[in-house]
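Under full-length UniProt numbering, the sequence shown has 130 at position 130, and the numbering climbs by one with no breaks.
Encoded as structure tokens, the structure appears first; notes follow it.
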Amino acid sequence: MARQEGSIKFHGTNHDGKEKWMLRLYIKIDGNGKRIYLSKIVVGNEKKARQELRKMLSDRDAGTIQINQKETLNEYLDKWMTTHKANVRQRTFDNDNDMLRIYIRPLLGEYKLSKLRPLDIQEAYTTLIEKVSASTIRRAHAVLHNALEDAVRWEIIIKNPSNYANVPKAKITKNERQSLNKEQAIQFIETCHMDRFGAFYVLLLTTGLRPSEALGLKWSDIDWENRTATIKRTMHSNRKGGGYRIEEATKTNLSNRTVVIPEPAVELLRSWRKDQAARALMAGDQYERNELVFTSEVGTPLRSDNMNKRHFKQILEDSGLPSTFTVYGLRHSYATLAILAGVPIKVVSENLGHASIDLTLRTYAHVFTEQKDEAAKKIEQFLFA
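What follows is the structure, encoded as structure tokens:
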């Protein structure tokens, strides 16, 4: 039998006296130019062995045959996470690990990687949709998909079964895309003048910075003359063990950017800096001098969760805004208000640090619909009023 079609060789008998046959099938040439073969022992007569070889040939030609037959998904993910950790930021690693640990491993972890089918993944998502949101499943799917893509690239499996699973479409919730209108934004800014951390929240609203980017700012990043802030790092609270970490490299190259700070935010920042200097003087040697813009009374980095509970919620209440509004909603508010104000979409996208204008267009498509409606009204008034 030709090499491309595989080979069958008599391999003796087992303890019951039944014939054994060695099947050997050429799979492909790996990245190093080495030929990859799959071998298998079949117990039975030669006819059964040939039937099994034909099945192996069919699976190979269809791209569904698996090279590593014994490894479970859990075992593979353990190895993958070790490699993954070296290539992503700690926060990304923690998030991806949680997605796998909470949603993927309990349902699929014991499956043999070679036996994992799209249907298995689909059934897992069907189980999850009864318990968690579609957006959560999509995030978990993204991590699983990346892990299995690497398994293909490393020649552990031939095809990625997650490519053929239907992922629930994420529904945009009010909290995910909530934003302030013009009147609410003005009221919010006025209320922030009465709160010690108002400068932080006004900066988010008027520049579109991510909270982690604002917390990572140092005073040397602020250009007072040109009223700009240069984003060079992000700061995150550690989930376990407390403390924090500063990451100098932000998400994308476009995340390293310079944004112009509107005057209301500049005024609050100047006031905040004076207050910070006074507190540093009072604390003396107890004050941690790290040049961060936003710090606690003793100079330590701020934990945004604690600050939001104590200050942001109070600002919302004093502004007459719903308690369900989130800090990240300030970023969405900036984008929405900037688009409605006529700021070019390219500028909005750059200020947000988006990887592309297309991402901005997709994220805020609903705002452009509002603009189209407004444009139609203006044309109507101009022509027919």
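For each residue, glycine too, the CB sits at the ideal point set by N, CA and C.
Please read all numbers here as calculations on a predicted model, not as lab measurements.
- Judged by beta-carbon spacing, I261 lies within the 7 Å limit of R227, meaning their Cβ atoms are closer than that value.
- A straight-line Cα-Cα distance of about 12 Å links I345 and R362.
- In the structure shown, W154 adopts coil according to DSSP, grouped into three states.
- Nearest Cα to E248 within the set A142, E263, D221: D221.
- Contact annotation: I315 and T191 have beta-carbon atoms nearer than 7 Å.
- By DSSP's assignment, H236 forms a beta bridge with R245.
- In the same chain as G329, and ignoring 5 residues on each side of it, the C-beta atoms closer than 7 Å to its own belong to Q178, S179, in chain order.
- When DSSP states are grouped into helix, strand and coil, F93 belongs to the helix group.
- At a Cβ-Cβ threshold of 7 Å, K40 and L23 count as neighbours.
- In this structure I121 touches S162 by the C-beta definition: roughly 6 Å separates them, less than 8 Å.
- Each residue's CA atom was taken as its position, placing R50 and R60 some 15 Å apart.
- Contact between the stretch 266 to 279 and the stretch 195 to 214 is present: three or more C-beta pairs spanning the two stretches fall below 8 Å.
- Taken through DSSP and simplified to helix, strand or coil, V348 comes out as helix.
- Annotated as distal: A283 and V293, with beta-carbon spacing of 7 Å or more.
- In the displayed model, V167 falls within coil according to three-state DSSP, outside both helix and strand.
- Residue M194 holds the alpha-carbon nearest to the alpha-carbon of L268 among W21, M194, I137.
- Annotation: T258 is outside any alpha helix (DSSP H); the continuous beta strand (DSSP E) that includes it extends over 258 to 260.
- About 5 Å separates the beta carbon of R331 from that of G208, a gap short enough to meet the 8 Å contact definition.
- For H84, there is no enclosing beta strand (DSSP E); the residue is part of the alpha helix (DSSP H) that begins and ends at 73 to 85.
- In the structure shown, H193 adopts coil according to DSSP, grouped into three states.
- The alpha-carbon of Y111 is positioned some 9 Å away from that of E71.
- If you ignore the 5 residues before and after R257, its C-beta comes within less than 6 Å of the C-beta of I231, G353, all in its own chain and listed in chain order.
- Taken through DSSP and simplified to helix, strand or coil, L321 comes out as coil.
- Exposure of S323 is indicated by the presence of fewer than 16 other C-beta atoms within 10 angstroms of its C-beta.
- Going by beta carbons, L53 and I104 fall outside the 7 Å limit.
- In the three-state reduction of the DSSP assignment, F382 falls in the helix class.
- Bounds of the beta strand (DSSP E) holding G12 are 7 to 13.
- Cβ contact annotation for I339 (same chain, cutoff 8 Å, sequence separation greater than five): I345, V348, Y364, V367, F368, Q371, in chain order.
- DSSP lists T295 as the bridge partner or partners of P301.
- Residue range 263 to 283 is occupied by the alpha helix (DSSP H) that includes A265.
- According to the DSSP assignment, A49 belongs to the alpha helix (DSSP H) that extends over 46 to 62.
- In summary, W224 is exposed, with fewer than 16 beta-carbon neighbours lying within 10 Å of its beta-carbon over all protein chains present.
- Looking from the CA of L203, the closest CA among L116, T126, A265 belongs to A265.
- Nearest neighbour of V259 by Cα position, chosen from N351, G17, H84, turns out to be N351.
- Bridge pairing for D223: T228 [DSSP].
- In the structure shown, K112 falls within a strand segment according to DSSP collapsed to helix, strand and coil.
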